[in-house]
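Below is one structure, written out as structure tokens; comments come after it.
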Amino acid sequence: MTTDERESSRAVCATCSYVNDIGDRFCGRCGRSTGASVPPRAEPSRRQVDFSTRYLSAAAQLDPKFAEAAIAESLVERTRAIAPSPGISSATVLREAVAARARRRLRDAILVALVVAVFVTSAQAAMVWLVLASVGVTVFGMTGRTRRWPVIVAGVLAVVVLVPLVLIGTGLVPVDGVDQQFGNTRQVVVLLFLAAGVAAVCLVDEALVESLVRDRFRPSTFAPAVVLPSGWERTVRMFGTRRWEGALGRVAEADERYRRAHDEADVIVYRERIPFVGSGPVVDDKIVALPLTPGTAPDGTRLVPRPFAASDLHAHVAAVVGELRDSVALAPSRRLSAMTIREQVLISAERLVTNLHRQPQAAVLPDVAGPPVTHLRLADVRHLADRPEEWIRYHRCFRVEAWDHDLATSTYFTAGTDARMLYLEWTHCVLYPIKERYREIDRTPQFGAVLRGLGVAFVLPVTLGERARRVVHYFRRMPQRPGDLVPAKYGAGRSLRELGSDPGAQDFFQDADAVRYVGIIERAVYRAVGRFLEDRGYSVVDFMEVAKASITNNTVAVSGGTFAGGLSVGIGTVTQQNNQGENSPRGRKKP
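Numbering of the sequence shown is given in numbering that gives the first Met the number 0, commencing with residue 0 and proceeding in unit increments.
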């Protein structure tokens, strides 16, 4: 292939015209999808592995609470908005959650039936088992997934106590004055058969999960369940998903729409207090309000400023911040080159249902029997920058994803102006890495599936209540009387990435990079606003004082995910401690 042929076959980004390598699905400069098709392969290469999706898929298999929370948030309510989850395939994770939940319900139904049979056969034996399991949990802290020595000690204790009781019960070891405590030999055989059944179910389940998360979920072998060939793995990972296909398809469509939305604005309908769903906790926010005064020419004459609209300032700030993509050495691994700039409309679900008659030109909720739209044309929302509504807000989102999509910082910027006053507002959010315990699939376990299975079987009576709850639990949609609209049925709460994230960074350099990206984008916003005002003939003296005071007094320190930031109000600054946004005006929790 000649050089010209190679160049012509490369993927040229339709958004920024950047020439990407052959086969690149996403632009190396702006992060948009290039539209390049990549044929599915049974064994994806390491370059194609989505680490966050892989870890959260394993979390669905290992953590019942995560799986149920993910299903309840994203699949149960057919009218609920889908929260964006940067860096993951939501449909892939949810499919794993549905299959894992169905597998656990089947397993627990069998185990509950076996334990009930043990109680029916011999209440004495069942009580001894319950006492031993309670001792194991209380003394050794056993939960079924623990260290090696508690399982071994508990197993020895079980053998020491149970074996003599069985021998006495069968009459093989006669004891004067002691009647058979467990009935005749047939009764003991039934108990042994039931115990073997419990052990077999626990061992098979642990071995199955072990094979999935330790072997099939490796970086070199992981692939979405829907592309797998027929076999046991596809059967297990697709188990029970048929009834959810419609909801899973809607999530997959929303994921794809989010990735391919080049000339549209994201619509975020939220139901809780913080509107920045999918971006993680608020770590810092700033408000600047200052008067607009004419500037002065070098000769001392007063300039005649040119009025501007907030949308003009938005476009200029986006252009200046976008120039950071050309930086080579400002960020590790050129992460700024893949920074995405998105226009977003943030809408409260509660206000949406009460303002259906006041929707923008293109309806956000065209049909109350369906979900809100995921995107709107830019022409239909940009007027909100100049004429904002209380219940619907327009923001620019500058997002940097780093550490293989494991860390993401998002800066939300908005502005308002008239002929006399300028109002600026921006909020920094950090989406922290996937929980550390979900990453254990890449490490050597303390002990194998056999010991784990025996440990689960040993403490089974103690966990019987939770298992019975999982068997009978089913998801119910929120009740809604005819003619009434329930806001929570339409608004998103937490994204899958937020459900599976740690409360802070796991590495010093992750903290440092979060501070780096937040600081770089904030300084770029200051520079962009100052340049814009100066070009328009306005004085920048007051604004530069605000920026200088903020930069001087806002020394950002971070420790365990805690940012120390500052809040700029008016022409002065008020510095405050900010612990993941809890003390910021928009991040403070309700009392």
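For glycine and all other residues, C-beta sits at the position ideal for the given N, C-alpha and C.
**Request:** Assign Y473 to one of three DSSP states: helix, strand, or coil.
**Result:** Here the question's residue 473 lines up with position 474 in the sequence shown. In this structure, Y473 counts as coil in the three-state DSSP scheme.
**Asked** How many whole angstroms separate the CB atoms of K547 and S500, which I take to be in contact at a CB cut-off of 8 angstroms?
**Response** Here the question's residue 547 lines up with position 548 in the sequence shown. Here the question's residue 500 lines up with position 501 in the sequence shown. Not quite, the Cβ-Cβ distance comes to about 35 angstroms (not below 8 angstroms), so this is no contact.
**Request:** Spatial neighbours of G30 within its chain, please: CB distance less than 8 angstroms, with the 5 preceding and 5 following residues excluded, ordered by chain position.
**Result:** Position 31 of the sequence shown, counted from the start, is the residue given in the question as residue 30. Per-residue confidence for G30 stands at a pLDDT of 48, beneath the threshold of 50, marking its modelled position as unreliable; no derived number is given.
**E252 classed as buried or exposed, judged by whether at least 16 other C-beta atoms fall within 10 angstroms** = In the sequence shown, residue 252 corresponds to position 253, counting from 1. E252 should be labelled exposed.
**Request:** Could you pull the start and end residues of the alpha helix (DSSP H) that V189 belongs to?
**Result:** The residue labelled residue 189 in the question sits at position 190 within the sequence shown. Element bounds for V189: 184-210.
**Prompt:** Where does M0 fall in DSSP's three states?
**Reply:** The residue you call residue 0 lines up with position 1 of the sequence shown. Because M0 carries a pLDDT of 43, less than 50, the predicted location of this residue cannot be relied on, and no value is offered for it.
**Coil, strand or helix - Y437 by DSSP** = Position 438 of the sequence shown holds residue 437. Note: Y437 maps to helix in three-state DSSP.
**Message:** With a threshold of 8 angstroms, are at least 3 pairs of Cβ atoms found where one atom belongs to the stretch 272-281 and the other to the stretch 414-430?
**Reply:** Output reads yes: the stretch 414-430 touches the stretch 272-281.
**Asked** Excluding sequence positions up to five away, which residues of its chain have a Cβ less than 6 angstroms from the Cβ of E424?
**Response** Here residue 424 refers to the residue found at position 425 when the sequence shown is read from its first residue. I286, T413, listed in sequence order.
**Asked** Any idea if D284 is buried or exposed, counting beta-carbon neighbours within 10 angstroms, 16 or more meaning buried?
**Response** Your numbering for residue 284 matches position 285 in the sequence shown. Burial call: buried.
**Request:** Starting from F307, follow the alpha helix (DSSP H) in both directions and report where the run begins and ends.
**Result:** Position 308 of the sequence shown, counted from the first residue, corresponds to residue 307. In this chain, F307 is not harboured by any alpha helix (DSSP H), its DSSP state being neither H nor E.
**Prompt:** So K64 is in the alpha helix (DSSP H); what residue range does that whole segment cover?
**Reply:** Residue numbering aside, residue 64 sits at position 65 when the sequence shown is read from its first letter. Start and end: 63-73.
**Message:** For the alpha helix (DSSP H) containing T416, name the first residue and the last one.
**Reply:** On the sequence shown, residue 416 is found 417 positions in, with the first residue counted as 1. Element bounds for T416: not the alpha helix (DSSP H) but the beta strand (DSSP E), 406-416.
**Asked** According to DSSP, is A330 helix, strand or coil?
**Response** For this step, residue 330 is matched to residue 331 along the sequence shown. DSSP places A330 in coil when its eight states are reduced to three.
**S500 at chain C interface by Cβ criterion, 8 angstroms** = In the structure shown, chain C does not exist; there is a single protein chain.
**Item:** Which residues DSSP lists as bridging T339, in chain order
**Value:** Here residue 339 refers to the residue found at position 340 when the sequence shown is read from its first residue. Paired residues: R398.
**Request:** Just grab the DSSP bridge partners of S347 for me.
**Result:** Numbered from 1 along the sequence shown, position 348 holds the residue referred to as residue 347. Per DSSP, Y269.
**Endpoints, the beta strand (DSSP E) within which R376 is located** = On the sequence shown, position 377 is the one that residue 376 refers to. Note, R376: beta strand (DSSP E), 374-376.
**Prompt:** Can you list, in chain order, the residues of its chain whose CB lies under 6 angstroms from that of Q47, leaving out five sequence neighbours each side?
**Reply:** Your numbering for residue 47 matches position 48 in the sequence shown. Its pLDDT being 45, under 50, Q47 is placed unreliably by the model, and the measurement read from it follows with that caveat. If we look at Q47 and ignore the five residues flanking it on each side, it has no Cβ neighbours.
**Message:** Which residues does DSSP list as the beta-bridge partners of K285?
**Reply:** Here residue 285 corresponds to residue number 286 of the sequence shown, with the count starting at 1. DSSP, once it has assigned bridges, lists W425 as partnering K285.
**Asked** Between the beta-carbon of R103 and the beta-carbon of P63, is there less than 8 angstroms?
**Response** As a working mapping, residue 103 is identified with position 104 in the sequence shown. As a working mapping, residue 63 is identified with position 64 in the sequence shown. With a cutoff of 8 angstroms on beta-carbon distance, R103 and P63 are scored as near each other.
**Request:** Give a yes or no on whether the C-beta atoms belonging to L329 and I519 are separated by under 8 angstroms.
**Result:** Taking the first residue of the sequence shown as 1, we reach residue 329 at position 330. Taking the first residue of the sequence shown as 1, we reach residue 519 at position 520. At the C-beta level, L329 and I519 come within 8 angstroms of one another.
**Item:** Closest Cα partner of V187 within the set R480, H261, R522, A122
**Value:** As a position in the sequence shown, residue 187 is number 188, starting the count at 1. Ranking R480, H261, R522, A122 by CA distance to the CA of V187 puts A122 first.
**Item:** A99: first and last residue of the uninterrupted alpha helix (DSSP H) it sits in
**Value:** Position 100 of the sequence shown, counting from 1, holds the residue named residue 99. Note, A99: alpha helix (DSSP H), 89-120.
**Asked** At what residues does the alpha helix (DSSP H) containing H382 begin and finish?
**Response** The residue labelled residue 382 in the question sits at position 383 within the sequence shown. H382 -> alpha helix (DSSP H) spans 382-385.
**Asked** When the distance is taken between beta carbons, is G452 closer than 8 angstroms to L202?
**Response** Counting from one through the sequence shown, the residue named residue 202 turns up at place 203. Counting from one through the sequence shown, the residue named residue 452 turns up at place 453. In contact: L202 and G452 (Cβ atoms closer than 8 angstroms).
**Message:** Once the 5 residues before and after P274 are set aside, which same chain residues still bring their CB inside 6 angstroms of it?
**Reply:** As a first step, residue 274 must be located in the sequence shown, where it is residue number 275. The residues are L345.
**Asked** Comparing alpha-carbon positions, which option in D417, G299, Y269 lies nearest S347?
**Response** Looking up residue 347 in the sequence shown gives position 348. Of D417, G299, Y269, the residue nearest in Cα terms is Y269.
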